[in-house]
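Peer 1: I have a structure here, written as structure tokens, and I will follow up with some questions on it.
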Amino acid sequence: MKTLEQVRAQLKHYPVEVAFPDIEKWQHGNTGVDYVHSIDSGVAGPHVMIMALMHGNEVSGAITVERLLQAGLKPIKGRITLGFANVEAYRRFDPRNPDSTRYVDEDMNRVWSSSRLDGAEDSIELRRARQLRPIVDTVDYLLDLHSMHEEAPALIVSGPLEKGIRFAAEVGTPEHVIIDAGHPNGKRMRDYAGFGDPASAKNALLIETGQHFSARSKDVAMNAACRFLIATGVMQASVLGAFMLASGAVQQRFFRVTEPVVATSFDFEFADDYRGMEIIARAGTVIAREGEREFVTPYDNCVIVMPSLRQLGPGVTVVRLGHIVAR
Ligand SMILES: [Zn+2]
Numbered sequence: 000m001k002t003l004e005q006v007r008a009q010l011k012h013y014p015v016e017v018a019f020p021d022i023e024k025w026q027h028g029n030t031g032v033d034y035v036h037s038i039d040s041g042v043a044g045p046h047v048m049i050m051a052l053m054h055g056n057e058v059s060g061a062i063t064v065e066r067l068l069q070a071g072l073k074p075i076k077g078r079i080t081l082g083f084a085n086v087e088a089y090r091r092f093d094p095r096n097p098d099s100t101r102y103v104d105e106d107m108n109r110v111w112s113s114s115r116l117d118g119a120e121d122s123i124e125l126r127r128a129r130q131l132r133p134i135v136d137t138v139d140y141l142l143d144l145h146s147m148h149e150e151a152p153a154l155i156v157s158g159p160l161e162k163g164i165r166f167a168a169e170v171g172t173p174e175h176v177i178i179d180a181g182h183p184n185g186k187r188m189r190d191y192a193g194f195g196d197p198a199s200a201k202n203a204l205l206i207e208t209g210q211h212f213s214a215r216s217k218d219v220a221m222n223a224a225c226r227f228l229i230a231t232g233v234m235q236a237s238v239l240g241a242f243m244l245a246s247g248a249v250q251q252r253f254f255r256v257t258e259p260v261v262a263t264s265f266d267f268e269f270a271d272d273y274r275g276m277e278i279i280a281r282a283g284t285v286i287a288r289e290g291e292r293e294f295v296t297p298y299d300n301c302v303i304v305m306p307s308l309r310q311l312g313p314g315v316t317v318v319r320l321g322h323i324v325a326r
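All the letters of the sequence shown, read from the start, carry residue numbers 0 to 326 under numbering that gives the first Met the number 0.
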């Protein structure tokens with residue numbers, strides 16, 4: 000049996016191309032919750048939130064939220080809330096071991112169910128989620144900024160509902176829209192309460208901006224954040240132009256995830272050096288092995304979504320499989 004350290008030692012090393020902002024100055028906000036700031040227009044409208052650092056080493060979101068805080072946004076209606084989620088994990092970042100500070104006790108993007116939030120268990124992440132919850136409960140539109148373990152095309156994760164898919168198309172970037180139902184081992188914030196209820200008008204998106212530490216990821220994050228603020232109607236495009244990528248609108252492609260592939264040990268290995276969004280032509284192609292067990296593509300033109308062994312362990316989703324959806 001391998002250890003996670005042995006697995007990680009075999010993976011590609013990515014340089015840290017960006018400076019980690021000192022976010023301590025943002026501790027005291029105006030919401031009663033540390034590291035959460037709100038800007039109210041005073042005009043009726045939606046409450047929109049951009050969240051960074053759901054995972055402690057996903058710095059592109061932190062850079063984006065800091066820039067938005069420094070920009071002194073003036074919403075034309077509604078209210079904009081900007082927050083840093085797992086500050087405890089972020090503080091512990093160590094460039095010599097950059098994959099180890101995704102969380103402290105548990106994955107904070109797997110605790111967003113009432114059973115976990117109202118339950119008796121305790122962890123650093125549950126404590127923080129419980130602090131954030133009263134604010135999240137008042138949010139109409141959420142953008143949760145994430146990045147990826149591997150260098151791969153940026154993705155927008157719409158969730159499984161038609162309202163989320165529509166919202167991803169309204170934001171219009173990045174190119175790849177992933178339609179999925181989340182993870183078997185816990186609920187994501189983007190699926191929490193009204194966000195995951197087809198009868199609710201609330202809506203949420205999650206963006207994976209590219210590799211955690213690449214300079215490009217922070218630009219993708221900022222671009223998506225601006226387009227989200229414009230799509231929700233709280234900001235005018237004319238005042239955000241300087242923050243956005245010049246490429247403008249892209250032709251989006253939609254992919255529906257049909258199943259997660261979940262490891263049961265540290266012996267899981269991919270059959271190829273997948274980076275994400277590869278399309279495997281034939282059903283029955285072996286894509287991974289774990290001991291004697293082989294994992295094969297369940298259908299033709301199977302898309303490999305966010306493969307990574309950096310957080311490998313029993314119960315961890317190491318890749319999702321999906322197919323192209325015509326829209
Ligand atoms: Zn993440």
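The beta carbon of each residue, even a glycine, is placed where N, CA and C say it ideally should be.
Computed from a predicted model, the values in this text were never measured in an experiment.
1. Counting beta carbon pairs with one atom in the stretch 213–231 and one in the stretch 54–74, are three or more of them shorter than 8 Å?
2. Using 8 Å as the cut-off, can you tell me whether the stretch 30–44 makes contact with the stretch 129–146, which would need three or more C-beta pairs spanning the two stretches below that distance?
3. Please look up how many angstroms separate the CB atoms of D117 and P45, rounded, as I've assumed it's under 8 Å.
4. Once the 5 residues before and after V302 are set aside, which same chain residues still bring their CB inside 6 Å of it?
5. Please confirm if the stretch 177–187 is in contact with the stretch 230–242, defined as three or more CB-CB distances below 8 Å between the two stretches.
6. Which value, in whole angstroms, describes the spacing of the CA atoms of E169 and A198?
7. Where does Y298 land, buried or exposed, given buried means 16+ other C-beta within 10 angstroms?
8. Find the nearest neighbour of H175 within the set I155, H27, R326, F267, judged by alpha-carbon distance.
9. Can V249 and P152 be called in contact, C-beta distance under 8 Å?
10. What does the Cβ neighbour count give for M107, buried or exposed, with the cut at 16 atoms within 10 Å?
11. Name the one or two DSSP bridge partners that G82 has.
12. Flag N96 as yes when its Cβ comes closer than 7 Å to any non-hydrogen atom of ligand 1, and as no otherwise.
13. Confirm the yes/no value for this check: CB of H145, any heavy atom of ligand 2, distance under 7 Å.
14. What does the alpha-carbon distance come out to for the pair S307 and A270?
15. Could you tell me the distance, in whole angstroms, from the CA atom of I164 to the CA atom of Y89?
16. Which class does F212 belong to by DSSP, given the choice of helix, strand or coil?
17. Entirely within the stretch 111–178 and at least 4 residues each: give me those alpha helix (DSSP H) ranges in chain order.
18. So, with DSSP's three-state summary, where would you put K217?
19. Compare the Cα-Cα distances from E87 to each of R78, T100, Q69, M221 and report the closest residue.
20. Between L141 and A220, is the Cβ-Cβ spacing less than 8 Å?
21. Using a Cβ-based criterion (distance less than 7 Å to any ligand heavy atom), does M50 qualify as near ligand 1?
22. Can you say whether N222 is buried or exposed, counting buried as having 16 or more other CB atoms within 10 angstroms of its CB?
23. May I ask you to check if the CB of E57 is nearer than 7 Å to at least one heavy atom of ligand 1?
24. Report buried or exposed for V135, applying the criterion of at least 16 other Cβ atoms within 10 angstroms of its Cβ.
25. What three-state label does DSSP hand F194 in the structure shown?
26. Check whether the stretch 47–64 and the stretch 89–98 touch, using three or more Cβ-Cβ pairs below 8 Å as the test.
27. For ligand 1, any of its heavy atoms closer than 7 Å to the Cβ of M53?
28. Hey, how far is the Cα of G275 from the Cα of L10?
29. To the nearest angstrom, report how far apart D93 and S122 are at their CA atoms.
30. When the Cα of F212 is compared with those of P97, D39, H36, which residue comes out closest?
31. Note down the Cα distance separating K162 from M0, rounded to an integer number of angstroms.
32. Report buried or exposed for K201, applying the criterion of at least 16 other Cβ atoms within 10 angstroms of its Cβ.
33. Rounded C-beta distance between R319 and V238? I'm assuming under 8 Å.
Peer 2: Straight from the coordinates:
1. yes
2. yes
3. Contact flag wrong, Cβ pair sits at about 26 Å.
4. F254, I278, G321
5. no
6. 19 Å
7. exposed
8. I155
9. no
10. buried
11. V35, M50
12. no
13. Among the ligands modelled here, namely ligand 1, ligand 2 does not occur.
14. 12 Å
15. 30 Å
16. coil
17. 113–116, 123–135, 161–170
18. helix
19. T100
20. no
21. no
22. buried
23. yes
24. buried
25. helix
26. yes
27. yes
28. 15 Å
29. 21 Å
30. P97
31. 44 Å
32. buried
33. Not really, about 37 Å apart at Cβ, beyond 8 Å.
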